[in-house]
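With my numbering applied, the sequence shown has no gaps in its numbers, which climb one by one up to 1003 at the end.
Glycine included, each C-beta is placed from N, C-alpha and C at the ideal position.
See structure below.
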Amino acid sequence: MLLTFVCVYILISVGIGFYVSTKVKNTRDFAIAGRHLPLPVVIATVFATWFGAEAIFGVSSTFVNEGLHGLVADPFGASLCLIIAGFLFSKYLYHLNFITLGDFYRKRYDRKIEVITSIAILISYLGWVAAQIKALGLIISVLSGHQVSEEVGMIIGTLIVVSYTTLGGMLSVAILDFIQMLVIISGLLFISYIVSDMSGGITYVLDHARENNKFDFWPKGDIFTWISFFGVWVTLMLGSIPQQDVFQRITSAKSAKIAFWGSIFGASIYFAFTFVPMFIAYSATIIDPVYFQSIIEFDSQYVLPEFIIKYTPPIAQIIFFGAVISAIMSCSSATLLAPSVTFAENVIKPLRPGMTDKEFLKMMRICLVAFSFVVLNYALASDLTIFQMVESAYKVTLAGAFTPLIFGIFWKKANHHGALASICFGIATWIFFEIVFGESGLIPAQLIGLFVSILSMVVVSLMTQQSTLAATAKKT
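Here you go:
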């Protein structure tokens, strides 16, 4: 019965996506929903883009194992990313009227910077989207009683998400995000209410977690322990700012004011609500500590779904898995769309300048299907957990794309020479330290890459001011 209800829910979601796809008339509808989204829908898209597999399975399992200390990247870093984007970038980027973030790099610097940053952004999405695909595989496997393997579940999940995202683009993503946000919030709150009674109440669960040091957030150790902690925080907080999905939510809004408040409210709701699956998962370890300890030793990502299957009534199971499927489908569709649009707009389109809008729309859809295939294969081949995939996804954009964005907006002397040096030296430094030292380095490799990226931008831009002015004068 559970599997039947979930299948019906998925079919309804896909049906809505197909219906909304009939409203897509051009590339702007597909890429940024025609810039018509009202505040409630923008809030929903911001929330749903981030509240995916890692928030439900990754964050909750990490909390069970490590406590709040292990969650510095997400939700703390992720929420601050959206708040920073709202305060510092939303109004500026909205008024540019661009389709992608790559358009900004081209306008501010040149075509070369546009392509390099767009590819860096594209690469960063591999881990994020693969985490969603991995979670879909996990859910389908659990729902089938493990008759379907995780690998086959990943393939099925990918086909479902690709089907409606390819047709409807951002328009279908936005409408479904709004509907699915309501399902997610109501569903998980209902489950937490049931679990609270089973585990002895909210106060008892919180006291139990406190006694087991699960609320310890700050690191204990020497200066390098603090630097490592800071590096993990900064990676998601700053590395996810130069991302197409964040940019799309800003530019899809009906106005700059809506873009600003949508980011702030969406981030706040996301941060607050990530504690709900943490509460449910930790409660499970109190209700049956022996059983769930054995699951934790095998794979702590299974704590939440296995608890729901074993201990809750059928109606709760239907609501929970409906909410989970909603969250993962929303996040998957958004994070598949963003890099696909970036690649089509900033890499392929300049190579084929004669394309009509209809041809370009077709190209965007082809890119989406192709990227989905790449992500699926990456998810199938990777041994990383859902949380690890997300946590490591933004190292490349932190080292390569963040500095050209922030300096391009706030420092008039930044030029294409400085941007190119910033990207090349930042990424090269990060890769070098990642390969040589890995996780054993005293300072996180991506943090060193960020420092070198900033230094390169400042030094090279100042050294090349005269040549930049001369080139500008020659053009005029």
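Residue i - partner residues in DSSP beta bridges
i, result
"L564", "A780"
Test item: CB-CB of residue i and residue j under 9 Å
i, j, result
"Y652", "A946", "no"
"F929", "G672", "no"
"S790", "V569", "yes"
"S699", "G544", "yes"
"G976", "I954", "yes"
"V533", "G849", "yes"
"I835", "F847", "yes"
"S853", "Y536", "yes"
"G664", "V688", "no"
"A571", "M708", "yes"
"M681", "L907", "yes"
"F603", "G793", "no"
"C858", "G579", "yes"
"H563", "K781", "yes"
"P816", "R638", "no"
"I718", "I626", "no"
"L703", "S540", "yes"
Reduced DSSP secondary structure (H/G/I, E/B, other) of residue i
i, result
"W745", "coil"
"F625", "coil"
"L969", "coil"
"P880", "coil"
"A582", "helix"
"K634", "helix"
"S909", "coil"
"W938", "coil"
"V569", "helix"
"V830", "helix"
"T801", "coil"
"Q770", "coil"
"T693", "helix"
"Y921", "coil"
"H943", "helix"
"S755", "helix"
"V551", "coil"
"H673", "coil"
"A843", "helix"
"G542", "helix"
"T531", "helix"
"N904", "helix"
"G728", "coil"
Reference residue i; option with closest CA among the options
i, options, result
"L888", "F557, A955, S548", "F557"
"G585", "T554, L609, A662", "A662"
"Y621", "R737, S967, S779, Y797", "S779"
"T862", "F959, L598, M697", "M697"
"Y636", "F960, G968, A948", "A948"
"V851", "I711, I777, M764", "I711"
"F616", "F934, Q993, E593, V803", "F934"
"F870", "V551, L538, N942, L628", "L628"
"Q770", "I640, C608, L694", "C608"
"S980", "V987, I950, D743", "I950"
"E738", "F978, I610, L982, G594", "G594"
"S645", "V868, I823, L564, V830", "V868"
"K476", "F978, H735, V985", "As displayed, the chain neither begins before 528 nor continues past 1003, which places residue 476 out of reach and without an answer."
"T752", "S967, M856, L911, L733", "S967"
"L733", "I626, I813, L969", "I813"
"L932", "A647, T554, V901", "A647"
"A897", "I610, S690, F978, K552", "S690"
"A605", "S548, K634, G748, I796", "I796"
Contact set for residue i: own chain, Cβ-Cβ below 7 Å, skip 5 residues either direction
i, result
"V675", "I667, S668"
"T685", "I660, S899, L903"
"M805", "V586, S587, F590"
"Q844", "L529, I835, I836"
"V642", "N873, V874"
"L864", "T692, G696, M697, V700, L895"
"D772", "T576, A861, T862, A865"
Contacts around residue i, its chain only, beta-carbon distance under 6 Å, and the 5 residues preceding and following it disregarded
i, result
"Q973", "T762, K922, L925, A926, W957"
"I1015", "Nothing in the structure corresponds to residue 1015, since the chain is present only between 528 and 1003."
"G613", "F787, S790, I791"
"R892", "T693"
Contacting residues, own chain, Cβ-Cβ under 8 Å from residue i (five flanking each side not counted)
i, result
"I875", "M890, C894"
"P971", "I754, S755, G758, V759, T762"
"Y619", "I936"
"A736", "G594, F742, Y809"
Distance cut-off 8 Å: residue i Cβ against heavy atoms of the ligand NAP
i, result
"S867", "Summarising the ligand content, the structure contains no ligands, and the ligand NAP is consequently not present."
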